[in-house]
Amino acid sequence: MTDRVLPDRAAANGAQPQPAASNGDAADQPPLLQTDRLTRHFRIGGGLRRQTLHAVDEVSLSIGRREIVALAGESGSGKSTVARLLARVYNPTAGEIYFQGKPLSRLRSRTDLLSYRSDVPMVFQDPFSSINPVFRVSHGILRSLKLHRPELSRAERQQQAERIFETVGLIPPADVLQRFPHELSGGQRQRVGFAQALAMRPKLILADEPVSMLDVSIRIGLLNLMASLRDEEGVSILYITHDIASARYVADRLIIMYAGQVAESGPVEDVLASPRHPYTQLLLSAVPDPRAELTIGGQTDRGEPPKVVDPSPGCRFRWRCPLAIEQCHQVTPELVQLAPDHDAACHVAASGAEVKAF
Amino acid sequence: MSLARPNRSALPGQLTPPVVTGNVLDVESLTVDYLTQRGRVRAVEDVSFSVDRGEFLGIVGESGCGKSTLLFAIAQLLTPPAEITGGRVLFKGTNLVGLTDSALATTRWRDMSVVMQSAMNALNPVKTIGSQFKDAMRAHGVRSPAEIADRSAEVLRMVGIDPLHLRSYPHQLSGGMRQRSMIAMAMLFTPELVIMDEPTSALDVVAQRSLMVQIKELQRQLGFAIIFVTHDMSLVSHFSDRLMVMYAGQVAELGPTRRVFDSPLHPYSAGLLEAFPSIRGPRVPLTGIPGSPPDLAQEAEGCRFAPRCPQVLDRCRTTTVPLYQVGGIQVRCLRREDGGDSRD
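Protein sequence lines, in the order shown, are assigned to chains A and B. Going by the numbering used here, the first sequence wraps up at 515, each residue one higher than the last. Going by the numbering used here, the second sequence wraps up at 590, each residue one higher than the last.
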């Protein structure tokens with residue numbers, strides 16, 4: 158895994174997308190996928206108690222080719238909503254998604270949508286409820302092959318399915334294809350999820366917490382699978398997780414979300430080695446590490462991420478942040494580049510001061 | 247009926263309370279079978295260990311290794327088809343196995359409480375937190391409303407929740423708060439043993455960390471013993487005094503946490519330790535533990551870990567491996583047979 162280094166990262170044209178992606182397929186290729194101030198609000202309550210929940214607010218991110226981008230944050234930070242927006246399960250309230258330079262809002266026809274969905278499939282968190290229990294596992298993959306690659310004959314579909322199962326480590330493929338989901342372990346089921354996604358020859362897989370339901374001992378196998386899909390199949394992956402250590406293990410870039418906004422983004426080693434946002438520092442301090450010395454005491458945070466209902470301007474982390482200054486209560490911080498390709502949305506960090514919150 | 251237990255709450259701020267006498271819990275050769283259509287499945291086999299007063303014992307292993315079954319067997323919560331088919335569970339000297347529910351009722355929750363994996367399922371969704379606390383206290387004969395209100399507010403404050411939330415329903419609390427109120431409920435009578443089954447697995451890292459620190463802090467103040475089951479070895483690394491690694495229903499390794507972490511004697515413990523990436527140090531490729539735990543319905547000869555073991559010997563596949571004592575650590579591995587350090 159040491160060979161997966163910089164060339165991949167260079168493919169990402171920085172984390173700050175250019176809103177004017179209208180140059181389409183220019184000579185300098187646009188990133189594989191890019192979002193521009195992507196926003197999704199939900200209306201909650203009714204009548205006089207109507208409120209707006211800001212699940213995702215103005216998220217701009219980009220995913221390059223052959224790149225694993227980890228999107229990390231606490232539950233409720235909006236990371237799954239981002240995945241669903243990218244998968245077109247939800248439509249954005251505002252903002253735009255560009256796939257290979259083309260805005261998704263222009264996709265109108267069923268064929269266009271179908272082709273986008275086969276380019277950008279999703280792998281779900283729970284391998285126990287995301288596969289239909291009454292069909293053999295071959296059902297899902299053969300169906301998606303039939304739907305998305307109608308040129309294949311029945312025998313070719315079977316052959317393809319076996320090849321894909323072998324790629325994701327389900328061996329012997331012909332045998333595993335004939336089994337029912339309940340005959341497989343959690344790790345194997347999650348591999349079936351990746352196989353179904355791969356069947357469509359995707360460019361980008363949206364993996365929403367694909368390993369969090371699995372045992373620690375099996376997780377690493379799936380993380381290795383994700384890395385090999387990138388290195389050998391050339392697929393990009395958006396890896397959504399709350400486990401920073403696994404993000405570090407597999408990802409090229411890391412995006413930290415807090416309360417619906419991007420708090421920090423950059424190459425994974427840079428972000429972990431010198432986190433600029435206080436929230437990133439809090440997350441890192443919470444990761445259990447048996448190899449490190451025990452440090453209880455000092456700052457232990459007891460706060461919880463806010464539900465962002467009709468927010469007033471200001472940094473959303475200010476209530477938990479020991480460094481909050483007056484400005485944080487007034488002005489919502491924007492993502493600012495603080496080092497090459499390394500951005501953070503923090504007034505204190507942007508002012509050039511050293512941030513050491515947790 | 248006084249709830250205060252001055253002998254324990256008066257402990258000064260030291261991490262491990264002084265040993266009074268005897269163990270809180272002695273588990274002796276405990277064996278649990280599931281009677282299934284395919285025959286007997288031995289989920290827990292001949293497990294023996296003890297828990298000292300105020301001790302924090304971590305139990306780790308993969309899903310299906312029998313750790314939850316073991317907890318349920320200790321708490322006498324097993325329901326058919328699971329059945330204790332051998333051994334004893336001595337809680338403060340009394341064997342709990344075979345006691346009737348009414349005989350267990352006085353011990354349960356008063357002296358020994360259980361915190362389950364998913365607080366959402368463990369709490370009653372149509373009752374407020376406060377009324378669930380009240381139920382537990384009334385079941386143990388506390389009738390005075392003032393006493394109930396005082397104690398309920400007190401335990402909620404102990405876990406860092408505003409007593410205001412006694413009037414809240416479970417759905418109005420966040421996942422972390424729900425799990426903390428479960429722990430508050432377990433503290434109602436200041437038990438001597440709290441059994442926790444992956445209480446943090448539904449939480450994210452920040453909430454998980456703050457809950458672990460809180461549990462440890464409560465233990466320091468109140469001096470109860472904890473059995474903490476998890477599949478995430480790194481989680482208990484800083485909190486447990488001793489660590490028990492289970493594999494396929496058996497004890498694979500049992501010893502002081504720090505020593506198991508620093509130099510695991512069983513290849514399975516070593517594999518578990520290698521299975522999760524670190525956020526510090528160099529990025530190294532990891533392999534995890536290939537394969538999956540054995541099917542317990544099939545009687546197998548030899549060491550149960552042999553098919554997945556990177557250091558397997560020919561003898562491992564045929565010899566039934568007992569637990570060896572190696573310098574204060576119990577380990578079930580033929581490579582430790584001579585008691586020496588034959589790692590390579």
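For every residue, glycine included, the Cβ atom is placed at its ideal position computed from N, Cα and C.
> Starting from residue 376/A and walking both ways along the alpha helix (DSSP H), at which residues does that stretch end?
Replying inline: 373 to 385
>> If we define contact as Cβ-Cβ less than 8 Å, is residue 578/B a contact residue for chain A?
In response: no
> Can you check whether the CB of residue 319/A is closer than 8 Å to the CB of residue 331/A?
Replying inline: yes
>> Here's the rule: buried if 16 or more other CB atoms are within 10 angstroms of the residue's CB, otherwise exposed. What is residue 486/A?
In response: exposed
>> Would residue 330/B pass as an interface residue toward chain A - the criterion being a Cβ-Cβ separation below 8 Å?
In response: no
> What is the residue span of the beta strand (DSSP E) that residue 247/A lies within?
Replying inline: It is not in any beta strand (DSSP E) - residue 247/A carries neither H nor E in the DSSP assignment.
> Name the chain A residues that come within less than 9 Å of residue 308/B, Cβ to Cβ?
Replying inline: 372, 373, 374 and 375
>> I need the straight-line Cα distance from residue 211/A to residue 202/A, nearest angstrom please.
In response: 14 Å
> Do you know how far the Cα of residue 385/B is from the Cα of residue 374/B?
Replying inline: 17 Å
> On the three-state DSSP scale, how would you describe residue 339/A?
Replying inline: helix
> By DSSP, does residue 341/B sit in helix, in strand, or in coil?
Replying inline: strand
> Can a CB atom of chain A be found closer than 8 Å to the CB of residue 411/B?
Replying inline: no
>> Which residues in chain B have a C-beta closer than 7 Å to the C-beta of residue 402/A? List them in chain order.
In response: 522, 523, 524 and 525
>> Below 8 Å, how does it come out for the segment 408 to 426 of chain A and the segment 222 to 233 of chain A: are there three or more Cβ pairs, yes or no?
In response: yes
> What three-state label does DSSP hand residue 367/B in the structure shown?
Replying inline: helix
> Which residues mark the beginning and the end of the beta strand (DSSP E) in which residue 359/B is found?
Replying inline: 358 to 361
>> Short of 7 Å in beta carbon distance, which residues of its chain neighbour residue 550/B, apart from the five on each side in sequence? Order them along the chain.
In response: 493, 494, 496 and 540
>> If I measure Cβ to Cβ from residue 516/B and keep anything under 6 Å in the same chain, skipping five residues before and after, which residues do I get?
In response: 510
>> Mapping the DSSP letters down to three states, classify residue 570/B as helix, strand or coil.
In response: strand
> Taking any Cβ of chain B, which residues in the segment 336 to 361 of chain A have a Cβ under 7 Å from it, in chain order?
Replying inline: 342
>> Strictly below 7 Å CB to CB, what residues from chain B border residue 323/A?
In response: Here the premise fails: no neighbours, minimum Cβ distance about 16 Å.
> What three-state label does DSSP hand residue 395/B in the structure shown?
Replying inline: helix
> Going along chain B in order, which residues have a C-beta closer than 7 Å to the C-beta of residue 231/A?
Replying inline: 450 and 452
>> Could you check whether the Cβ of residue 504/A sits closer than 8 Å to any Cβ belonging to chain B?
In response: no
>> Considering only the alpha carbon of each residue, which of 444/A, 257/A, 512/A and 347/A lies closest to residue 454/B?
In response: 444/A
>> List, from N- to C-terminal side, the alpha helix (DSSP H) runs of 4 residues or more that fit wholly inside the segment 189 to 258 of chain A.
In response: 236 to 243
> Using a Cβ-Cβ cut-off of 6 Å (strictly less than) and excluding sequence neighbours within five positions of residue 254/A, which residues of its own chain qualify?
Replying inline: 192 and 261
>> Taking contact to mean 3 or more Cβ pairs, one atom from each stretch, closer than 8 Å, check whether the segment 462 to 474 of chain B and the segment 383 to 400 of chain B are in contact.
In response: no
> With distances taken between CB atoms, is the gap from residue 298/A to residue 257/A smaller than 8 Å?
Replying inline: no
> Taking only runs of the beta strand (DSSP E) that begin and end inside the segment 417 to 444 of chain B, which ones reach a length of at least 3 residues, in chain order?
Replying inline: 439 to 443
> What whole-angstrom Cβ distance do residue 249/A and residue 209/A have, given they're in contact under 8 Å?
Replying inline: 14 Å between Cβ atoms; not a contact.
>> Give me the DSSP bridge partner(s) of residue 476/B.
In response: 306/B
>> Rounded to the nearest angstrom, what separates residue 405/A and residue 527/B at their Cα positions?
In response: 11 Å
>> Please return the same chain residues whose Cβ sits closer than 8 Å to the Cβ of residue 415/B, not counting the five positions on each side in sequence.
In response: 371, 372, 373, 374 and 375
> Which residues, in order along the segment 532 to 559 of chain B, keep a beta-carbon less than 8 Å from a beta-carbon of chain A?
Replying inline: 532, 533, 534, 535, 536 and 538
> In chain A, which residues lie with their C-beta within 9 Å of the C-beta of residue 362/B?
Replying inline: Neighbours of residue 362/B on chain A: none; closest Cβ ~17 Å, over 9 Å.
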